[in-house]
């Protein structure tokens, strides 16, 4: 996905930042717990098409962020 386009996109629900998950082909909003599909390099930013992330998936992001913060402190 084009980095410039990715930098401009925000969650249509909360206007928050999105993280691109290449493996799953989704743009994820961890605040709302929504994952928007990317089809043929085109993000589908419709709430009806978004997938709700489960609690473990949302927590995995929190845990990885906490690990990065700890690594930066050392």
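Numbering (my numbering), first residue to last: 135 to 208. Yeah, the Cβ is synthetic: ideal placement off N, Cα and C, and Gly gets one too.
Proximity winner among the options, relative to residue i (alpha-carbon distances)
| i | options | result |
| --- | --- | --- |
| residue 140 | 146, 192, 161, 165 | 161 |
| residue 148 | 169, 195, 138, 175 | 169 |
| residue 166 | 135, 191, 138 | 191 |
| residue 142 | 194, 174, 188, 179 | 179 |
| residue 184 | 136, 137, 194, 171 | 171 |
| residue 193 | 164, 173, 174 | 164 |
Three-way DSSP call (helix, strand, coil) for residue i in this model
| i | result |
| --- | --- |
| residue 160 | strand |
| residue 169 | strand |
| residue 155 | strand |
8 angstroms contact criterion, which residue i and residue j should meet: CB distance rounded
| i | j | result |
| --- | --- | --- |
| residue 144 | residue 151 | 7 angstroms |
| residue 175 | residue 135 | 6 angstroms |
Enclosing alpha helix (DSSP H) for residue i [first to last residue]
| i | result |
| --- | --- |
| residue 143 | Per DSSP, residue 143 belongs to no alpha helix (DSSP H) and is neither H nor E. |
Near the ligand NAD: residue i beta-carbon under 7 angstroms from a heavy atom
| i | result |
| --- | --- |
| residue 139 | Here there are no bound small molecules, and the ligand NAD is not part of this structure. |
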